[in-house]
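Down below is the structure, laid out as structure tokens.
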Amino acid sequence: MSTKPIRVLIAKPGLDGHDRGAKVIVRALRDAGFEVIYTGIRQTPDMIAAAALQEDVDAVGLSLLSGAHLTLFPEVVKTLRKKGLKDVLVFGGGIIPEEDVAKLKKAGVDRTFGPGTPLSAIVDYLNEKLRVAA
Amino acid sequence: MPRKADPSDLIKRVRRGEHAAASRALTLVVDEDDSSEALAKDFFKSAGCAQKIGVCGPPGAGKSTLTGRLIGHYRKLKLQVGVLMVDPSSSISGGAFLGDRLRIMEHATDSGVFIRSLASRGMIGGLTHTIFGAIHVLEALGCEKILIETVGTGQDEVEIASVADTVVYVTTPAMGDEIQAMKAGAMEIGDVFVVNKADLSGKDKAVGDLRAALGLGHSAGQAPRAWEPPIVATSALSGEGIAELARELDGHWAHLKKSGEGRARLKKQHATELQFWIQRRVVKTALDRVNDKILEEMVAHKTDPASLGRRLLRN
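Protein chains in written order, with the numbering used here: chain A, 32 to 165; chain B, 790 to 1104.
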């Protein structure tokens, strides 16, 4: 077969219900040729990790606007790794203060996208990271 | 995760019930990876051991929510459940939004349930070309009930009848009158009919319309059948009617086993799987040979599609 579609899980951990941003990302990735699985709002790290495992995704994108990213994002990474998903790329987006980006990076969130990021930047980032590895 | 795993190791882990292994095997199968043939050969040994329940019907009828309810029912009985949910791929970008899982996230962390979203990847008819391979992975994993949710294209979504043992056709009170129910297509393949959203008004009329439409066959001289498709009213939202639906699904499975119809269906499924395999192989092999040079020959009227087609298939 030609190029295999890249599979991405988009999830919203925690209690934040503002999912318009996540849905816009889902739409942009779909239109860029990705197979996107969206799990909806109010997900626990365990639910996200189980879904990522069963769907065999290449990347997990986490969206959060509530301010709990320093707790929840690393927890998701930890749960993914515990399940043996060592190579799954984790990226994030939302209202993430500049000073937290490095902390998240250290915790395994490869890249964080803030408000105003052009959608093409996210698409390019994923293509660059995942097309080469595949 | 390593992209290239040893097939025999992967097979062993799938048969041991490891979700991570099944997930990787599914990727290899649906991506039609070179290594998937070795897997498929082994997994096929388990073909036919689980009841494959196809859930079809128009978009928004509540297929995913109903599927979630059935998962819950089977899990109470401690049955291992596999779920394949197909959503359409974009014919423009090739991408897909797989949103069915969202409706059944309550079962996300249950180790007795394995859910996989599949993109149709260019196939028309509500399924995907590699659906059989995906089913065999779940059979090898030890699933006892496999729920297959189709895209939800509606009236002519009949492929599922060649894939599933039991076809559930889901409609709602708001889906139209008995004239809709008289049309050919999906109405002909239902083994169990569901009027979902029974919490809405018009449920009784919808059930009546369905019954009348199904009954027309008798008046038109159709011989009585060993299995007359029952109609169940459910509310996936409240859970009403789910136990009754599950009873009918069990009844149909028992009917398949004792009547010989089950064997006939399995044979038809294998025939369809073989057909898919040949189509994929032959069509792809021939199409891969198409190049600009032969297209130019056609433009110059040096050859024609029929002659060229024969030549490409022969090579």
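The beta-carbon is built from N, C-alpha and C at its ideal position, and this holds for glycine as well.
Computed from a prediction, not measured in an experiment: that's the story for all the values here.
Item to check | Same chain only: Cβ atoms within 6 Å of L1102 (chain B), ignoring 5 sequence neighbours per side | outcome: Looking up residue 1102 (chain B) in the second sequence gives position 313. Excluding residues within five positions, the ones whose Cβ falls inside 6 Å are A1075.
Next on the checklist: Counting only C-beta atoms, is D798 (chain B) closer than 8 Å to chain A at any point?
Outcome noted: Here residue 798 (chain B) refers to the residue found at position 9 when the second sequence is read from its first residue. Cβ-Cβ to chain A under 8 Å: no for D798 (chain B).
Item to check | Residues near G125 (chain A) by beta carbon distance below 6 Å, same chain, minus five either side | outcome: Stepping through the first sequence from its first residue, residue 125 (chain A) is reached at position 94. Excluding positions up to five away in sequence, the list reads S94, L95 and L96.
Checklist entry - Does the beta carbon of R1070 (chain B) come closer than 8 Å to any beta carbon on chain A? => result Here residue 1070 (chain B) refers to the residue found at position 281 of the second sequence. Closer than 8 Å: no.
Item to check | Contained alpha helix (DSSP H) runs [length at least 4] in the region 956-1009 of chain B, N- to C-terminal order | outcome: 967-971, 975-978 and 992-1008
Checklist entry - Beta-carbon separation of T856 (chain B) and L936 (chain B) under 8 Å? => result Position 67 of the second sequence, counted from the start, is the residue given in the question as residue 856 (chain B). Position 147 of the second sequence, counted from the start, is the residue given in the question as residue 936 (chain B). Against a cut-off of 8 Å, the Cβ pair of L936 (chain B) and T856 (chain B) comes out as a contact.
Next on the checklist: By the DSSP assignment, the beta strand (DSSP E) with G64 (chain A) in it spans what residues?
Outcome noted: On the first sequence, position 33 is the one that residue 64 (chain A) refers to. Neither: G64 (chain A) is in no beta strand (DSSP E) and is coded neither H nor E.
Next on the checklist: Going by DSSP, what residue range makes up the beta strand (DSSP E) through V1021 (chain B)?
Outcome noted: Locating residue 1021 (chain B) in the second sequence gives position 232, where the first residue counts as 1. Residues I1020 to A1022.
Next on the checklist: Tell me whether the region 99-119 of chain A and the region 135-143 of chain A touch, counting them as touching only if at least three CB pairs, one residue from each stretch, are closer than 8 Å.
Outcome noted: yes
Item to check | CB contact below 8 Å: I904 (chain B) versus chain A | outcome: Your numbering for residue 904 (chain B) matches position 115 in the second sequence. Interface residue, yes.
Item to check | Contacts that D1081 (chain B) makes with chain A (C-beta to C-beta distance below 7 Å) | outcome: Counted from its first residue, the second sequence places residue 1081 (chain B) at position 292. Those within 7 Å of D1081 (chain B) in chain A number zero; the least Cβ separation is about 17 Å.
Item to check | Per-residue DSSP class, three states only, for G922 (chain B) | outcome: If you number the second sequence from 1, residue 922 (chain B) lands on position 133. Of the three classes helix, strand and coil, the one that applies to G922 (chain B) here is helix, per DSSP.
Checklist entry - For R58 (chain A), which residues from the same chain have a beta carbon less than 8 Å from its beta carbon, with the 5 sequence-adjacent residues on both sides left out? => result As a position in the first sequence, residue 58 (chain A) is number 27, starting the count at 1. Closer than 8 Å at Cβ, skipping near neighbours: no residue.
Checklist entry - Of the residues B:L989, B:T919, B:D795 and B:R864, which one's Cα is nearest the Cα of G901 (chain B)? => result On the second sequence, residue 901 (chain B) is found 112 positions in, with the first residue counted as 1. Checking every option, the nearest Cα to that of G901 (chain B) belongs to B:R864.
Checklist entry - What beta strand (DSSP E) runs, 3 residues minimum, are completely inside the region 864-923 of chain B? => result 870-876, 885-887 and 902-908
Item to check | Cβ-Cβ separation, V91 (chain A) to A42 (chain A) (assumed contact under 8 Å), whole Å | outcome: Numbered from its first residue, the first sequence carries residue 42 (chain A) at position 11. Numbered from its first residue, the first sequence carries residue 91 (chain A) at position 60. About 7 Å; that satisfies the 8 Å criterion.
Checklist entry - By the 10 Å Cβ neighbour count, where 16 or more other Cβ atoms means buried, how is R1036 (chain B) classified, buried or exposed? => result Taking the first residue of the second sequence as 1, we reach residue 1036 (chain B) at position 247. It is exposed - the Cβ of R1036 (chain B) has fewer than 16 other Cβ atoms within 10 Å.
Item to check | Residues that R813 (chain B) contacts on chain A, provided the C-beta gap is smaller than 8 Å | outcome: Locating residue 813 (chain B) in the second sequence gives position 24, where the first residue counts as 1. The contacting residues are D87.
Item to check | Any chain B beta carbon closer than 8 Å to I30 (chain A) | outcome: With chain A represented from 32 up to 165, any question about residue 30 (chain A) goes unanswered, as that position is not in the structure.
Next on the checklist: Just to confirm my understanding: we take H925 (chain B), look at its own chain, exclude 5 residues before and 5 after, and list those with CB closer than 7 Å. What are they?
Outcome noted: As a first step, residue 925 (chain B) is located in the second sequence; it is residue number 136 there, counting from the start. The answer, listed in chain order, is A829, F832, F833, S835 and A836.
Checklist entry - Roughly how many angstroms lie between the CA atoms of L999 (chain B) and L916 (chain B), to the nearest whole one? => result Reading the second sequence from its first residue, position 210 is the one you call residue 999 (chain B). Reading the second sequence from its first residue, position 127 is the one you call residue 916 (chain B). Going from the Cα of L999 (chain B) to the Cα of L916 (chain B) covers about 25 Å.
Item to check | For V121 (chain A), the residue or residues it bridges with in DSSP | outcome: Counting from one through the first sequence, the residue named residue 121 (chain A) turns up at place 90. DSSP, once it has assigned bridges, lists A:V91 as partnering V121 (chain A).
Next on the checklist: Just to make sure I have the definition right: I need the residues of chain B whose C-beta is within less than 9 Å of the C-beta of P36 (chain A). Which are they?
Outcome noted: For the purposes of this step, residue 36 (chain A) is taken as the residue at position 5 of the first sequence. In chain order: D820, S878, G883, G884, A885, A908 and R910.
Item to check | Closest by C-alpha distance to D1039 (chain B), when choosing among B:K934, B:S812, B:M894 and B:R804 | outcome: As a first step, residue 1039 (chain B) is located in the second sequence; it is residue number 250 there, counting from the start. Comparing Cα-Cα distances from D1039 (chain B) to each of B:K934, B:S812, B:M894 and B:R804, the minimum goes to B:K934.
Checklist entry - What does a CB cutoff of less than 6 Å around L1034 (chain B) pick up in its chain, not counting 5 residues either side in sequence? => result Taking the second sequence and counting its residues from 1, the one referred to as residue 1034 (chain B) is at position 245. Same-chain partners within the cutoff: V1021 and T1023.
Item to check | Against chain A: residues of the region 916-929 of chain B by CB proximity under 7 Å | outcome: none
Checklist entry - So who's on the other strand from A42 (chain A), going by DSSP bridges? => result Taking the first sequence and counting its residues from 1, one reaches residue 42 (chain A) at position 11. Answer is A:L93.
Checklist entry - Using the beta-carbon of each residue, which ones in chain A are nearer than 9 Å to T1092 (chain B)? => result As a working mapping, residue 1092 (chain B) is identified with position 303 in the second sequence. Those do not exist, as T1092 (chain B) stays about 26 Å from chain A at its closest Cβ, beyond 9 Å.
Checklist entry - What is the DSSP secondary structure of L116 (chain A), reduced to helix, strand or coil? => result Position 85 of the first sequence, counted from the first residue, corresponds to residue 116 (chain A). The answer is coil: DSSP assigns L116 (chain A) none of H, G, I, E or B.
Item to check | 7 Å Cβ shell around R890 (chain B) - same chain, five flanking residues per side excluded | outcome: Here residue 890 (chain B) corresponds to residue number 101 of the second sequence, with the count starting at 1. M874, I904 and S906, listed in sequence order.
Next on the checklist: Taking 8 Å as the threshold (beta carbon to beta carbon), is D155 (chain A) in contact with chain B?
Outcome noted: Translated into the one-based positions of the first sequence, residue 155 (chain A) becomes position 124. No, D155 (chain A) does not count as interfacial toward chain B.
Next on the checklist: Against F122 (chain A), what residues of chain B qualify as contacts under a CB-to-CB distance less than 9 Å, listed in chain order?
Outcome noted: Here residue 122 (chain A) refers to the residue found at position 91 of the first sequence. Simply none; closest approach about 18 Å.
Next on the checklist: By the DSSP assignment, the beta strand (DSSP E) with E938 (chain B) in it spans what residues?
Outcome noted: Here residue 938 (chain B) is taken as the residue at index 149 of the second sequence, counted from 1. Where E938 (chain B) is concerned, the enclosing beta strand (DSSP E) stretches over K934 to E938.
Next on the checklist: As a quick exercise: from B:K1046, B:Q1011 and B:S880, pick the residue whose alpha carbon is nearest that of F65 (chain A).
Outcome noted: Taking the first sequence and counting its residues from 1, the one referred to as residue 65 (chain A) is at position 34. Nearest of B:K1046, B:Q1011 and B:S880 to F65 (chain A), Cα basis: B:S880.
Checklist entry - Residues in its own chain within less than 6 Å of A80 (chain A) by CB, not counting five upstream and five downstream? => result For the purposes of this step, residue 80 (chain A) is taken as the residue at position 49 of the first sequence. Hits under 6 Å: T110, L111 and K114.
Checklist entry - Measuring CA to CA, which of B:A809, B:A1001, B:A987 and B:H1090 is closest to G851 (chain B)? => result Taking the first residue of the second sequence as 1, we reach residue 851 (chain B) at position 62. Minimum Cα distance to G851 (chain B) is reached at B:A987.
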